[in-house]
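Last residue of the sequence shown: 498 in UniProt numbering, with the numbers rising by one and none dropped. The beta carbon of each residue, even a glycine, is placed where N, CA and C say it ideally should be. Below is one structure; the comments refer to it alone.
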Amino acid sequence: MSTAFPLPVLTPPMAMALGVPKLVQQPQIIPTLSETEEILVNSRLQLFLKPLTRLNIVVTLPEIKLSAMSVSNWEIMEKLKTLVKPEQFEFLNVVNLSRESVTLEAEFSSVRAMRRSIPLMTGQRFKHSKFTDLLSIKVVTFDTVAPVKSEWEAIFRDKGMISFQTSAPGDRPDTIRLENLPIAWFSETVDPINNRLIPSTKILREAFERFGGIRRVEIIADAPPSEDGANFNSFGPGHTQNQNMTAYIQYFDYQSFCNAMDGLRDRKLVKKAGEAENAAFINLSVDMTSYLSDENVKKRLRQQEKRNELQKLLEQKKWLEEQLDMHSRIEEETQQQEHKTRISFLAQQKNTFEYISRKSIFRPYHNPYNQGNPRRMKPRPPREEVERATEMSTYQLRYCEAKSLLGFLLVGAAEARNEEQKERKKGKNRDKYRRPHSHDRRKDSSSSIELFQSDSDSPDKSSMEVEMRQRLKNRFRSSHTSTSSKNMPSDSDDDVAH
């Protein structure tokens, strides 16, 4: 019985007519593991394929009698290193620890070293410092999880596929699924928002075109790993701890798909950077879900467009909310500033009115609205009150100046009168013991008579002051307008104040 997936034989004219790439016409055959242990995938990216040389080592522990007893993992790993000499572990790590056993994951540099080390460890027993009994070792090899050709042919045959050529892309065995691919190996740009690497389908296509022509590629980035810190139970060069991704790669023809499956099965992807090497243990599988079929691709594109529209609407809503909050905040600040300005203006007006009333610049007058308190001030508008206070202060100042001048004149007159009296007393005392001459008798007599008359007939002191004050008032009133006479205090008030 012939196979269900025969490889089509394309002649050069037929290939050119169908538009098949040149790489599809002559698919490259990947060497098997027996021919070489290292396969170059891409020289520019320095990607290589190496055989998977991992083992699971199970160390069975004796019965633990104490509940608080601790087992040194480091001592177990050192014992295993001693057993495999002269070979060496490239990587050794504790993956599981229980009261019955300790499971370790080991990796060797080559298949030859792994094959030599397996009989050196299988069934061996060794002594541990925490136990009196011996510990036994069991070696378990990794079973491949990638399906072989007969398995995927049976699966697609059960789905009703007759041949590779008659089936649509995605509904036939042409797509491989790779998990745990490091994003850092296939990226060139960084997302400025999340500060994460952005995987490139162009670089991924360039790397895996080693097996044949690629029709379509799609990448799904995995969730970023949690930062658990360093692993102190490991030994050897560490594997990449960066974010990983899952890639779907669809090939044009069936032979390229088979080459990719055979070349990636039971192998690890290695990236070299000088002398250092980083390994990625990829999970290889065949896509059975038609993920890259035309119908599913269009469906995902429509969903992506809807998500983008929804994201734009959410961003617009967020922007509008921010603008609304900003405008409300600005309006509130403006109202607060206006309120503060109004309060400051009213406080300034209040201080001005209190100063005017405290200085008593304007005189109180009768309030017709309050008969019980005639000296109470009648409320006025601020502008009228200020103008009236300014006018009254001008007249009051002039009146005070006139009163000061009158007082100065009165004081001067009193001092002059005192000086005159002192001189008269001195003259009397001086002439008391001197005999007057004959030619001075008449003059002395006349002067004495005049002095007597002036002393006896001199007007009263208070009457002279009143007369002088009255003259000054008349002169002051005649020099001003009629408006000033209305606001001038009366004589009776002045006498009382004086």
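Going by the beta-carbon positions, is the gap between residue i and residue j smaller than 7 Å?
i                 : j                 : result
residue 500       : aspartate 266     : This structure gives no information on residue 500, because the portion of the chain shown stretches from 1 to 498.
lysine 199        : phenylalanine 186 : Sequence check: residue 199 is proline here, not lysine. Yes; because the gap between Cβ atoms is below 7 Å, this pair is in contact.
leucine 83        : glutamine 124     : yes
phenylalanine 156 : proline 169       : no
glutamine 250     : arginine 216      : yes
lysine 202        : glutamine 46      : no
lysine 149        : valine 71         : no
threonine 334     : tyrosine 248      : no
leucine 80        : valine 94         : no
lysine 268        : phenylalanine 281 : yes
isoleucine 193    : arginine 205      : no
valine 139        : threonine 166     : no
alanine 279       : valine 270        : yes
isoleucine 64     : alanine 106       : no
phenylalanine 108 : tyrosine 254      : no
histidine 128     : leucine 135       : yes
valine 59         : isoleucine 118    : no
alanine 154       : leucine 284       : no
So what does DSSP say about residue i, is it helix, strand or coil?
i                 : result
threonine 166     : coil
glycine 212       : coil
residue 514       : Any answer about residue 514 is impossible in this case: the structure gives the chain only from 1 up to 498.
valine 270        : strand
phenylalanine 91  : strand
asparagine 351    : helix
alanine 276       : strand
glutamine 46      : coil
lysine 81         : helix
glutamate 218     : strand
methionine 245    : strand
valine 145        : coil
leucine 120       : helix
phenylalanine 252 : coil
threonine 132     : coil
threonine 188     : The sequence shown places glutamate at residue 188, rather than the threonine named in the question. Residue state, collapsed to three classes: strand.
glutamate 415     : helix
arginine 442      : For arginine 442, the pLDDT reaches just 48, beneath the cut-off of 50, and the residue's location in the model is therefore unreliable, although a value from the coordinates is still provided. The answer is helix: DSSP assigns arginine 442 an H, G or I state.
asparagine 180    : strand
threonine 201     : helix
valine 140        : strand
lysine 127        : strand
isoleucine 57     : strand
residue 512       : Past the edges of the chain, shown from 1 to 498, lies residue 512, and the structure says nothing about it.
asparagine 194    : coil
leucine 97        : strand
valine 466        : helix
leucine 52        : coil
glutamate 64      : Sequence check: residue 64 is isoleucine here, not glutamate. Coil, per DSSP.
Here's the rule: buried if 16 or more other CB atoms are within 10 angstroms of the residue's CB, otherwise exposed. What is residue i?
i                 : result
phenylalanine 48  : buried
tryptophan 152    : buried
valine 190        : exposed
aspartate 158     : exposed
glutamine 348     : exposed
phenylalanine 208 : buried
phenylalanine 252 : buried
valine 41         : buried
aspartate 228     : Any answer about aspartate 228 is weak, because its pLDDT of 45 lies below 50 and its placement is not dependable; what the coordinates show is given next. Result: exposed.
glycine 427       : exposed
phenylalanine 142 : exposed
glycine 274       : exposed
glutamate 450     : Note that glutamate 450 scores a pLDDT of 45, beneath 50, so its modelled location is shaky; the value from the coordinates is reported in the next line. Exposed, by the Cβ-count rule.
phenylalanine 452 : Unreliable placement is indicated for phenylalanine 452, whose pLDDT of 40 sits below 50; no coordinate value is reported for it.
leucine 264       : buried
asparagine 418    : exposed
phenylalanine 257 : buried
valine 466        : exposed
aspartate 262     : buried
Are the C-beta of residue i and some C-beta of chain D separated by less than 7 Å?
i          : result
serine 163 : Checking the listed chains, one finds no chain D in this structure; it contains a single protein chain.
**Item:** Three CB pairs or more closer than 8 Å across the region 68 to 87 and the region 305 to 324
**Value:** Touching, no.
**Asked** Does the count of Cβ pairs from the region 47 to 61 and the region 114 to 121 closer than 8 Å reach three?
**Response** Yes: the two stretches touch, three or more of their Cβ pairs being nearer than 8 Å.
**Request:** May I ask you to verify whether the region 311 to 330 touches the region 283 to 291, counting CB pairs closer than 8 Å and requiring at least 3?
**Result:** In this structure the region 311 to 330 does not touch the region 283 to 291; the number of beta carbon pairs closer than 8 Å is below three.
**the region 175 to 191 touching the region 87 to 94, judged by at least three CB pairs closer than 8 Å** = For the pair of segments examined, the region 175 to 191 was found not to touch the region 87 to 94: the number of CB pairs separated by less than 8 Å stays below three.
**Asked** What are the start and end residues of each continuous beta strand (DSSP E) run of 3 or more residues lying completely inside the region 283 to 325, in chain order?
**Response** Qualifying beta strand (DSSP E) stretches, in chain order: 283 to 286.
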